[in-house]
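Student:
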Amino acid sequence: MRRLIVLRHSKAERAAPDRGDFERPLSDRGRADAARTGAYLARHDLSPNYALVSPARRAQETWTAAAAQLQRKPGSNDDPRIYNATTDALLSVIATAPAKAELLILVGHNPGLHELAMQLSAAGDVETRERLREGLPTSGLVVISFAFEDWTAIAHARGRLERFVSPGSLGTAAN
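So for the sequence shown, our numbering puts the first residue at 47; every next one is plus one.
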């Protein structure tokens with residue numbers, strides 16, 4: 047069995063004339079949300095074995111703040127294909143994950159991440175799937191499980207949505 051954590055980057059500053067979208071840093075709220083998300087992962091035994099992270103500054107800062115809350119920092123790959131990726135591009139990136147990565151985290155951007163989470167989730171709690179259908183907010187976290195043993199088998203509608211957590215629900219998320 048494999049599990050995928052889909053994590054949208056945290057809230058970022060607006061683009062400024064002196065820096066493009068790629069260089070947008072996290073806002074104060076974004077840094078706090080990223081740390082809370084990492085604490086949630088640690089508290090719920092969701093420490094990934096491996097991370098695939100967009101090289102965009104806001105995704106990098108999100109992963110750094112979240113990973114700081116984990117007992118052990120997993121190996122990672124900063125993959126430029128994640129930035130502004132389609133779902134098919136994201137599936138290609140995931141398929142390159144190491145075999146040892148039973149719990150993989152993908153840190154990136156909408157709309158690709160939201161579309162990916164929706165397309166991969168063929169099963170799971172109906173109410174949770176409906177909440178996810180409404181959108182994946184900044185710092186939104188989705189966990190999807192798969193009944194295969196190798197990431198090269200990843201495909202649309204093969205997963206089961208285990209959980210969907212948003213920053214607003216972190217204080218009340220019990221499972």
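All C-beta atoms, glycine included, are put in the ideal place defined by N, C-alpha and C.
Since this is a predicted model, take the numbers as computed values, not measurements.
Examine the Cβ distances between the stretch 160-168 and the stretch 176-184 and report whether three or more of them are shorter than 8 Å.
Tutor: yes
Student: On the DSSP letters alone, give me the boundaries of the beta strand (DSSP E) that Y96 sits inside.
Tutor: Y96 to V99
Student: What does a CB cutoff of less than 6 Å around A203 pick up in its chain, not counting 5 residues either side in sequence?
Tutor: Excluding residues within five positions, the ones whose Cβ falls inside 6 Å are A168.
Student: Taking the alpha-carbon positions, what's the R75 to T132 distance?
Tutor: 27 Å
Student: Here's the rule: buried if 16 or more other CB atoms are within 10 angstroms of the residue's CB, otherwise exposed. What is N221?
Tutor: Confidence at N221 is low in this model, with a pLDDT of 43, below 50, so its placement is unreliable and the value that follows should be read with caution. Counting Cβ neighbours within 10 Å, N221 comes out exposed, since fewer than 16 surround it.
Student: Keeping to the same chain, check which residues put their C-beta closer than 8 Å to that of N130; ignore five residues upstream and five downstream.
Tutor: Result list for N130: H155 and G158, in chain order.
Student: When the Cα atoms are used, what is the spatial distance from T198 to D125?
Tutor: 17 Å
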